[in-house]
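Everything on this sheet refers to the single structure shown next.
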Amino acid sequence: MPIANFNPLFSRRTLLSVLFFLTLSGCAHQNGQKSLAPGPDDSNRLPGIIVSGHSRSFHPQQKVESSPQIYSSPPKTAPVQVAKTTRPVVKPTRSAPAKKLPLQKDIYFSFNSKKISYANLSVLHAYSRLLRKNPRLALRLYGHTDPVGSSRFNHKLGLERALAARRVLLATGVPAKRIFVFSEGKKMSREFPECKKPNPVCYARDRAVRIKVVKMKILSGISKNHKPKKRT
């Protein structure tokens, strides 16, 4: 048979490959060569195994047997009883009834005026509540003026002031038969002393309507100053 043509390039590649593998195999059999693969060493030990750096000798440790521990549940303790403290029952005491302030006995007006002020309205409303709670009571209204002016003029002005107070009481629900009006004119009231000299402060006390609470039984007569006319 004829010999095949020899390719020099192929032979070189083959020789280089064989030499490379021979070199690797020789390096693998050298003593003391460390493996590239990760594994336990002196700084990274496994429990129960002693690792030597180059000898790769392993010495297993003997297992130390410990006596089994027996756990028991703690004894049950009786619950602590807290003594209940009983507070004495304090009975509510009845407070004393509030003292009722006496009603104002008069309402005042400005000079030559019959207009009811806001303060006068509150006084009249208090009398209205009193009469509605006590059906046997009635009111007498006495109109007064100061001594300035004629007697006729002051008598008329005193009556107009008493009638103005009466209208307020009627508007609050007090029956007309329980309200009686009178005019005292410039007659001085007995509650205040007579003014010795002309004095505006002293005169201001007389520009008023005096209020008197009476029972219905004693209202048998009407003052001559304001006597109702008989119907014909």
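Here the sequence shown stands for residues -30 to -1, 1 to 202, numbered as in mature numbering (1 follows the signal peptide of the UniProt record, and there is no 0).
Note that CB positions come from ideal geometry on N, CA and C, so glycine has one too.
Treat the numbers as computed from the prediction; the structure is a model and nothing was measured.
Query - One or two residues paired with Val179 in a DSSP bridge - result: Locating residue 179 in the sequence shown gives position 209, where the first residue counts as 1. Ile77, Gly113, per the DSSP bridge assignment.
Query raised in the report: Alpha carbon to alpha carbon, what distance is there between Phe81 and Arg177?
Result: Here residue 177 corresponds to residue number 207 of the sequence shown, with the count starting at 1. Here residue 81 corresponds to residue number 111 of the sequence shown, with the count starting at 1. About 7 Å.
Query raised in the report: So what does Lys185 bridge to, in DSSP terms?
Result: Locating residue 185 in the sequence shown gives position 215, counting from the first residue. DSSP, once it has assigned bridges, lists Leu107 as partnering Lys185.
Query - Limits of the unbroken beta strand (DSSP E) element including Val138 - result: Indexing the sequence shown from 1 puts residue 138 at position 168. Element bounds for Val138: not the beta strand (DSSP E) but the alpha helix (DSSP H), 121 to 141.
Query - Host alpha helix (DSSP H) of Val151 (start-end) - result: As a first step, residue 151 is located in the sequence shown; it is residue number 181 there, counting from the start. Per DSSP, Val151 belongs to no alpha helix (DSSP H); it is in the beta strand (DSSP E), 149 to 155.
Query raised in the report: For Pro170, does the three-state DSSP call read helix, strand or coil?
Result: What you label residue 170 is simply residue 200 of the sequence shown in a count that begins at 1. The answer is helix: DSSP assigns Pro170 an H, G or I state.
Report task. Assign Lys156 to buried or exposed, taking buried as 16 or more other Cβ atoms, counted over all protein chains shown, within 10 Å of its Cβ. Result -> As a first step, residue 156 is located in the sequence shown; it is residue number 186 there, counting from the start. So Lys156 counts as buried.
Report task. For the region 101 to 114 and the region 144 to 156, state whether three or more C-beta atom pairs, one from each stretch, are separated by less than 8 Å. Result -> yes
**Report entry** Cα-Cα separation, Lys185 to Pro58
**Finding:** The count along the sequence shown starts at 1 and reaches residue 185 at position 215. The count along the sequence shown starts at 1 and reaches residue 58 at position 88. Going by the C-alpha atoms only, they are around 51 Å apart.
Report task. Between the Cα of Lys84 and those of Thr142, Pro168, Val138, Ala134, spot the shortest distance and give me the residue it belongs to. Result -> For this step, residue 84 is matched to residue 114 along the sequence shown. For the residues Thr142, Pro168, Val138, Ala134, the minimum Cα distance to Lys84 belongs to Ala134.
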